[in-house]
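Notes follow once the structure below has been shown.
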Amino acid sequence: MPAAPHTSLIARVWSSSAVRYLVVGGFSFLFDVGVLWLLHDVLHVALAIATPVAFLLSFAVTYTLQRTVAFRAADGIAPSVLRYAILVAVNTVATTAIVWAGDALGLPWIVGKVAAVVATTIWNYFAYRYWVFDSRKVND
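Residue numbers (this note's numbering): 790 to 929.
This is the structure in structure tokens:
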């Protein structure tokens with residue numbers, strides 16, 4: 790019996806690392822924002838502290854899902870964890886600065902957070918694809 794046309798379309802779309810990256814990233818974003826909301830809005834932790842804490846707490850979830858789902862990486866874990874940690878450090882500083890700048894401009898923190906996610910999403914795809922997870926060993 791032939792496969793349903795929508796199944797093959799879904800399979801073709803899901804076969805793209807960019808699509809998987811965006812889906813995993815969306816889940817990771819919700820996790821990160823949820824923790825930031827909990828820390829800042831519920832527990833009243835200062836935004837300058839809550840932002841990097843929430844971002845860093847999502848480290849294990851995001852790394853694991855990007856490695857296994859989005860990029861299906863087959864390279865060694867230790868080298869990619871080190872490269873990922875360096876990228877997380879850069880992203881933490883950038884995210885904190887963007888959220889802080891939005892807040893300093895009188896914008897709700899979520900506006901700065903979304904702006905930071907847009908920026909990091911773009912550069913992270915290329916960093917993940919060609920640096921964090923060895924592109925020669927990624928199963929696209």
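Every residue gets a Cβ at the ideal spot worked out from N, C-alpha and C, and that includes glycine.
Exercise for the section: Output the boundary residues of the alpha helix (DSSP H) element that contains residue 841. Expected result: In the sequence shown, counting from the first residue as 1, residue 841 sits at position 52. Its alpha helix (DSSP H) spans residues 836-846.
Exercise for the section: Determine the direct distance from the alpha carbon of residue 835 to that of residue 847, and round the result to whole angstroms. Expected result: By 1-based counting over the sequence shown, the position of residue 847 is 58. By 1-based counting over the sequence shown, the position of residue 835 is 46. Cα to Cα, residue 847 sits roughly 18 Å from residue 835.
Practice task
Hey, could you find the ends of the alpha helix (DSSP H) residue 813 is sitting in?
Solution key: The sequence position of residue 813 within the sequence shown is 24, counting from 1. Its alpha helix (DSSP H) spans residues 806-826.
Problem - Inter-residue CB distance, residue 901 and residue 887 (contact presumed, cutoff 8 Å) - result: Taking the sequence shown and counting its residues from 1, the one referred to as residue 901 is at position 112. Taking the sequence shown and counting its residues from 1, the one referred to as residue 887 is at position 98. Yes, residue 901 and residue 887 are in contact; Cβ-Cβ is about 5 Å, under 8 Å.
Handout entry: DSSP-derived helix/strand/coil call for residue 863
Key = In the sequence shown, counting from the first residue as 1, residue 863 sits at position 74. It is coil, neither helix nor strand.
Practice task
Answer with buried or exposed for residue 833, where buried requires no fewer than 16 other C-beta atoms within 10 angstroms of its C-beta.
Solution key: Within the sequence shown, residue 833 is the residue found at index 44, counting from 1. So residue 833 ends up on the exposed side.
Handout entry: For residue 900, the first and last residue of its enclosing alpha helix (DSSP H)
Key = Translated into positions along the sequence shown, residue 900 becomes position 111. Going by DSSP, residue 900 is part of the alpha helix (DSSP H) stretching over 898-916.
Handout entry: Three or more C-beta pairs below 8 Å linking the segment 852-863 and the segment 889-896
Key = no
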